[in-house]
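Enquirer: Numbered per my numbering, the sequence shown finishes at 1722, counting up by one with no gaps.
The C-beta atom is built at its ideal place from N, Cα and C for all residues, glycine as well.
Sharing a structure below in structure tokens format, with a few things to ask.
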Amino acid sequence: NIMPDQAAWLLLPVETKVREFHAKLLLAAIAVERGYRVVLGEQNAMVRQIDHLPRGLYIDKSIASSKTEHFRHLRQRGNKVAAWCEEGLVYRDRRAYLEQRINLDSLAQVETFFCWGDVQRQDIGGLATGMEQKLSPTGNPRFDLLRPGFRGLFTMETQGLRKQFGDFILINTNFARYNHFFGEDSLLKIQRQRGTVENKEQEAYLLAWRDFLGEMYHAFVAMLAPLSSAFPDRQIILRPHPSENHQRWARECENLDNVSVIFEGNVVPWLQAAKALIHNSCTTGLESYFLDRTAIAYQPVKSDIYDSYLPNIVSQRVETINNLVKVVGNALAGQTVDGGLIGQDAAIEYYAATVGPLAAERVLDAVDQIDLDLPQPTGPSQWLGRLSGNVKLPARDIVRKVWRPDVAAYGRQKFPGLGVDEIRRELAKLSAASSRFSTIRVKSLAHKCFGLAA
């Protein structure tokens, strides 16, 4: 058994692989440097096998109402819980964000909640009377990957994309509330199931939001042909949100020779490789800005309620197709295209780790304050790690494939497989980019769950 026996464990679940995997791997690697052991794995697999995994600090990516029971269960099993909110940097409307994403019963069960920055901490603090001390402004490890010291992680992919597509134009969409994988009407169904839509007012708010994003979707569709003909010698890549219906976008683009719909891999190499990024209210606009790349917010329709302030303010904002074509032309010519000094001030106000220690280091500074000397289970389950992946729990996966092929497909779109070799390979890249982490070992602990230790 290669894992040292005294060190505390962190449990890092991954739900949407392209969005979270590298950030959790970086957090895991720095944690191991600092003397922790880590379980990194696919969220559903980790939750199903939690009894067989070591007890430790489980770091979730949400404190929504759907998490309350889950946290209770984790704690009953002898774990502690901490969390951040993956959606907590860019939200369109404070009231809706707090209502849908922040649940005080869930917050009550976490040791620490990692905030993206001061704005989110103030917004949640206004709601969470008496729990303010739990709110720790750390930033998020996902944005550490945008720092100059880690950009090398995606050099191969970035170069590959440039070679394949040349100086391409990237369009990132996030209109899932209108164009959802499960169809337009799924929005209300999903929110009702989550318990976030309980009255007519909330329903009206949500439907107006859907309609607004419908307008935005159709305005983006209408922009494709003029953009395509303005830059006939450039490839235009449209990258939809993971929860969107990608087929529908593909149909919208099928008659435009230089426009393709592609959703693959982490977004960072796409942002690094693109010569111009067009988005609306999308976190990727902010990521592009932090990568020192172009960011253009196309705003054919506007809303005081449903627009996201931060990604738009760090971008150069345009409202007409003519202006869009002009600004994209500037970006293709190599000019700096972003939100300038106003954008810079906003970024610092909203995001805690623009300079200085990495977000991952700030997160671990907070974790260091938590007592993680937890009793470990004895008996058969402690042997699990030595079985090296022989404990498989495929029954539910099989049921999902047979009864709900669409759910299984959505799950696969969000989380393609993960294996020891891939983790080792990506860790080696992280190590090459940063000159750290070369001694970390990885082994299989359980189905889709992996142990990392020094």
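Could you tell me which of E1283, S1374, T1406 sits nearest to D1386, measuring between CA atoms?
Expert: Per the Cα distances, T1406.
Enquirer: Using beta-carbon positions only, say whether S1702 and F1418 come within less than 7 Å of one another.
Expert: Cβ atoms of S1702 and F1418: closer than 7 Å.
Enquirer: Locate the beta strand (DSSP E) running through V1527, then write down its first and last residues.
Expert: V1527 -> beta strand (DSSP E) spans 1527–1529.
Enquirer: Which term fits R1389, buried or exposed, when burial requires 16 or more other beta carbons within 10 angstroms of its beta carbon?
Expert: Buried is the call here.
Enquirer: Which residue's Cα is closest to the Cα of K1329: D1639, F1382, A1696?
Expert: It is F1382.
Enquirer: The beta strand (DSSP E) with S1404 in it runs from where to where?
Expert: 1403–1405 is the span of the beta strand (DSSP E), which, as asked, contains S1404.
Enquirer: Three or more C-beta pairs closer than 8 Å, one from the segment 1480–1494 and one from the segment 1568–1582: is that the case here?
Expert: Flag = yes, the segment 1480–1494 and the segment 1568–1582 touch.
Enquirer: Extract the residue ranges of the beta strand (DSSP E) inside the segment 1369–1421, only unbroken runs of 3 or more that lie entirely within it.
Expert: The qualifying runs are 1381–1383, 1403–1405.
Enquirer: Please work out which residues of its chain come closer than 6 Å, Cβ to Cβ, to E1301, disregarding the five sequence neighbours upstream and downstream, and give them in chain order.
Expert: Excluding sequence neighbours, E1301 sits near nothing in its chain.
Enquirer: Starting from the Cα of K1402, find the closest Cα among F1433, A1350, L1438 and give me that residue.
Expert: Residue A1350 is the option with its Cα nearest to K1402.
Enquirer: Kindly give me the distance between the Cβ atoms of E1355 and R1369, rounded to whole angstroms, as I take these residues to be in contact under 8 Å.
Expert: Contact holds; Cβ gap of about 6 Å.
Enquirer: Drop a sphere of 10 angstroms on the beta-carbon of R1478, count the other beta-carbons inside from all chains shown, and report buried for 16 or more, exposed for fewer.
Expert: Its Cβ being crowded by 16 or more others within 10 Å, R1478 is buried.
Enquirer: Give me the Cα-Cα distance between A1276 and V1635, rounded to the nearest whole angstrom.
Expert: Approximately 11 Å between the Cα atoms of the pair.
Enquirer: What would DSSP say about E1448, mapped onto helix, strand or coil?
Expert: Note that residue 1448 is His in the sequence shown here, rather than Glu. Here H1448 sits in strand by DSSP.
Enquirer: Below 8 Å on the Cβ atoms is my contact criterion, and I expect P1409 with A1627 to pass it. Report the Cβ-Cβ distance as a whole number of Å.
Expert: That pair is a contact at about 5 Å.
Enquirer: Report all residues from its chain with a CB closer than 7 Å to the CB of R1585; omit the five preceding and five following residues, and keep chain order.
Expert: Cβ neighbours of R1585 beyond the five flanking positions: A1565, Q1567.
Enquirer: Could you give the DSSP three-state label for R1345: helix, strand or coil?
Expert: In the structure shown, R1345 sits in coil (DSSP, three-state: anything other than H, G, I, E or B).
Enquirer: Measuring only the C-alpha atoms, how far is L1592 from V1315?
Expert: The straight-line gap from Cα to Cα measures roughly 46 Å.
Enquirer: Going straight from the alpha carbon of N1534 to that of R1287, what length do you get?
Expert: Cα to Cα, N1534 sits roughly 6 Å from R1287.
Enquirer: What's the call for D1606, buried or exposed, on a 16-neighbour Cβ count within 10 Å?
Expert: When all chains shown are included, D1606 counts as buried.
Enquirer: Measure the CB-CB distance between V1358 and P1579 and report whether it falls below 7 Å.
Expert: Yes, these two residues count as a Cβ contact at 7 Å.
Enquirer: So what does DSSP say about V1710, is it helix, strand or coil?
Expert: Reduced to three states, the DSSP call for V1710 is strand.
Enquirer: Tell me whether N1523 is buried or exposed, calling it buried when 16 or more other Cβ atoms sit within 10 Å of its Cβ.
Expert: Exposed: under 16 other Cβ atoms inside 10 Å.
Enquirer: Round the Cβ separation of L1308 and F1718 to the nearest angstrom and send it over; I've been treating them as touching at under 8 Å.
Expert: Yes, they are in contact, since the Cβ atoms of L1308 and F1718 sit about 5 Å apart, within 8 Å.
Enquirer: Quick check on the burial criterion: 16 or more other C-beta atoms within 10 angstroms. Buried or exposed for T1397?
Expert: Classification of T1397: exposed, given that the 10 Å Cβ count is below 16.
Enquirer: Please go through the same chain and pick out, in chain order, the residues whose beta-carbon is closer than 8 Å to the beta-carbon of I1638, but skip the five residues on each side of it.
Expert: So the qualifying residues of the chain are L1325, K1348, A1350, E1379, T1380.
Enquirer: Under the three-state reduction of DSSP, which class applies to E1283: helix, strand or coil?
Expert: If DSSP states are grouped into helix, strand and coil, E1283 belongs with coil.
Enquirer: With DSSP run on the structure shown, which of helix, strand or coil describes Q1611?
Expert: Inspection of the sequence shows that residue 1611 is occupied by Gly rather than by Gln. It is helical.
Enquirer: Report yes if the CB atom of K1292 is closer than 7 Å to the CB atom of L1280, and no otherwise.
Expert: In contact: K1292 and L1280 (Cβ atoms closer than 7 Å).
Enquirer: Can you tell me whether L1609 is buried or exposed? The criterion is at least 16 other CB atoms within 10 Å of its CB, across all chains shown.
Expert: Its Cβ having fewer than 16 others within 10 Å, L1609 is exposed.
Enquirer: One question on the structure: do L1554 and V1582 come within less than 7 Å of each other, judged by their Cβ atoms?
Expert: Going by C-beta atoms, L1554 is nearer than 7 Å to V1582.
Enquirer: Just how far apart, CA to CA, sit S1497 and I1589?
Expert: When rounded, the distance between both Cα atoms is 12 Å.
Enquirer: Note down, in chain order, each residue of its chain lying with its Cβ closer than 8 Å to the Cβ of L1395, except the 5 sequence neighbours on either side.
Expert: L1366, I1370, L1372.
Enquirer: Judging by CA-CA distance, which residue of Y1557, Q1603, E1425, E1587 is the nearest neighbour of Y1619?
Expert: Minimum Cα distance to Y1619 is reached at Y1557.
Enquirer: Indicate whether the contact test is met: 3 or more Cβ pairs, each with one atom in the segment 1497–1506 and one in the segment 1463–1474, closer than 8 Å.
Expert: Cβ pair count under 8 Å is below three, so no.
Enquirer: Hey, N1440 and H1514: beta-carbon distance below 7 Å or not?
Expert: Going by C-beta atoms, N1440 is not nearer than 7 Å to H1514.
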